[in-house]
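Numbering (the UniProt record's numbering), first residue to last: 1 to 469. Where a beta carbon is used, it is the ideal one built from N, C-alpha and C, also for glycine.
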Ligand code: FEO
């Protein structure tokens, strides 16, 4: 039976939910499902906006049939050619052979790539700001490249002020009866999914989203109909404000999140203790995640929310621990900017993850990586508590209003300490830590290390070491 929702006098939602799919785009877990939204106008001409994923085609065609009755389908508007919205266009053409397809030339080209039916004979090509009238309703088409693919366009219906926004303003989460955002508790039940959807799907394209927001600012928008999730008709400014923050890479909250990659729990232990020390300094709402356990999409979302991020990783195969390395590359791919970051590394014989994490993070724009950092050799030791306190002080000083960093000077001094890497085996001599097991006290500058000192790992002399970049 049909599952149709009436949106306004002549507008119907004819999409469908999928709660069986485990991974959206075969990447992102969607425990609350997802909706594929399609909208049908029953004006003098009948106009369908987009189709759905193949998995829900049965429900979709039943919905269209229920609304159309004996009427033909005159037009299909295609705003986005990703298969979660376009997969059944060929079947639609078979069922409604006289349907015309309104699209731009990029969409026309993608239809040819995905399908074999004759698009040219039924295409109505629109360019930037072209309009189309279905009778009482007029639609203006505006390009929105890379939100989320290059062909994307949005459509604005001027009589009722409805923006068909394609992927923009969408979310993970199936529609649970209530189709309007003002019928649910957005902050409690939905905002995390809005953020996770935005940051993972279009987070990389902040510049392009900003361009779309500028175009939208000139419109009197009374309703937003996206291709996933809820329809907005109240408090639209709140969602647009979130998009302003996310697309400009501005943290939503002055908050600290800590991500760790830990093999046997020793790196995790240091992170837990650091989190506790941050709480002691007045940091609220701290979050801690094991990058091996929590799916990266949640951590991407959390990184976009928080102003401060601690990355802690074991050294593994002389590199970064697997799950942390994947997360860092994922964050880099999503263009994360404007954060304060801190590093903790662990390595039982040759710690390297800190330097390598910094290399990846340094490729991102406008982030501050704190000088205070911590190196564990297998596990955190009581004599390192001072270093951990210095790290907690440095983080708290920039996130807690009015926090006095009493150990600021000490921290700076510690931060000026250098490291030297063995060219043969990768062992790192850290001036802050020295090599007490071999008679070199913590805080010993490289030039003061005895000339007969040798690498504790491979036995080569000081001449085989280079200053860490
Ligand atoms: Fe929902 Fe980019 O497709």
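Discussion item. Only counting the same chain, and skipping five residues up and downstream in sequence, which positions put a Cβ closer than 8 angstroms to that of residue 396?
Written reply: Excluding residues up to 5 positions away in sequence, 278, 281, 282, 283, 403, 405 lie with their Cβ nearer than 8 angstroms to the Cβ of residue 396 in the same chain.
Fill in: Where the beta strand (DSSP E) containing residue 259 begins and where it ends
Per DSSP, the unbroken beta strand (DSSP E) holding residue 259 starts and ends at 253-261.
Practice prompt. State buried or exposed for residue 351, treating a residue as buried only when at least 16 other CB atoms are found within 10 Å of its CB.
Written response: Counting Cβ neighbours within 10 Å, residue 351 comes out buried, since at least 16 surround it.
Worksheet item: For residue 435, which of helix, strand or coil comes out of DSSP?
Response: Looking at residue 435 - three-state DSSP - the assignment turns out to be strand.
Discussion item. Does residue 210 pass the burial test, meaning 16 or more other C-beta atoms within 10 Å, or should it be called exposed?
Written reply: Under a 10 Å Cβ-count criterion, residue 210 is classified as exposed, with fewer than 16 other Cβ atoms of the shown protein chains found around its own Cβ.
Worksheet item: Does the ligand FEO have even one heavy atom less than 7 angstroms from the beta-carbon of residue 212?
Response: With a cutoff of 7 angstroms, residue 212 does not count as near the ligand FEO, since its C-beta is closer than that to no heavy atom of the ligand.
Fill in: Supposed contact pair residue 361 and residue 374 - C-beta distance, whole angstroms, cut 8 angstroms
About 16 angstroms separates the Cβ atoms of residue 374 and residue 361, ruling out a contact at the 8 angstroms cut-off.
Fill in: Beta carbon shell of the ligand FEO at less than 5 angstroms from a heavy atom
Those residues that bring their Cβ nearer than 5 angstroms to a heavy atom of the ligand FEO are 82, 84, 148, 167.
Worksheet item: What's the C-alpha gap between residue 131 and residue 20?
Response: Spanning the two alpha carbons is a distance of roughly 38 angstroms.
Worksheet entry | Of the residues 103, 235, 146, 366, the one placed nearest residue 208, counting alpha carbons only | Of 103, 235, 146, 366, the residue nearest in Cα terms is 146.
Worksheet entry | Opening and closing residue of the beta strand (DSSP E) in which residue 198 lies | Unbroken run through residue 198 is the alpha helix (DSSP H), 191-202; no beta strand (DSSP E).
Worksheet entry | Coil, strand or helix - residue 287 by DSSP | Residue state for residue 287 is assigned as strand, using DSSP reduced to three classes.
Worksheet item: Does the stretch 217-225 touch the stretch 162-175, meaning 3 or more C-beta pairs lie closer than 8 angstroms?
Response: With a cut-off of 8 angstroms, the stretch 217-225 and the stretch 162-175 count as touching, because enough Cβ pairs lie within range.
Worksheet item: What are the boundary residues of the beta strand (DSSP E) that includes residue 223?
Response: Element bounds for residue 223: 223-225.
Fill in: Residue(s) in a DSSP beta bridge with residue 368
DSSP lists 340 as partners of residue 368.
Worksheet item: Tell me, which residues are paired with residue 41 by DSSP?
Response: DSSP lists 11, 47 as the bridge partner or partners of residue 41.
Discussion item. Measuring only the C-alpha atoms, how far is residue 414 from residue 468?
Written reply: Note that residue 414 scores 47 on pLDDT, short of 50, meaning its location in the model is unreliable; the coordinates nonetheless yield the value given after this. A straight line joining the alpha-carbon of residue 414 with that of residue 468 spans about 16 angstroms.
Worksheet entry | Euclidean distance between Cα positions of residue 441 and residue 255 | Note on geometry: alpha-carbon atoms of residue 441 and residue 255 lie some 37 angstroms from one another.
Practice prompt. State the CB to CB distance for the pair residue 322 and residue 316, rounded to an integer number of angstroms; the pair is presumed to be in contact (CB under 8 angstroms).
Written response: So it is a contact: roughly 6 angstroms between Cβ atoms.
Worksheet item: Any idea if residue 113 is buried or exposed, counting beta-carbon neighbours within 10 angstroms, 16 or more meaning buried?
Response: Exposed, by the Cβ-count rule.
Worksheet item: What do you get for residue 126, buried or exposed, if any count of 16 or more other CB atoms within 10 angstroms of its CB means buried?
Response: Answer is buried; the Cβ neighbour count reaches 16.
Fill in: Terminal residues of the beta strand (DSSP E) in which residue 153 lies
Looking at the DSSP string, the run of the beta strand (DSSP E) that includes residue 153 is 153-157.
Discussion item. For residue 76 and residue 101, which I take to be in contact (beta-carbon distance under 8 angstroms), what is that distance rounded to the nearest angstrom?
Written reply: Yes, they are in contact, since the Cβ atoms of residue 76 and residue 101 sit about 5 angstroms apart, within 8 angstroms.
Worksheet item: On the three-state DSSP scale, how would you describe residue 228?
Response: Coil.
Discussion item. Comparing C-alpha positions only, which one of 286, 293, 364 sits nearest to residue 400?
Written reply: Per the Cα distances, 286.
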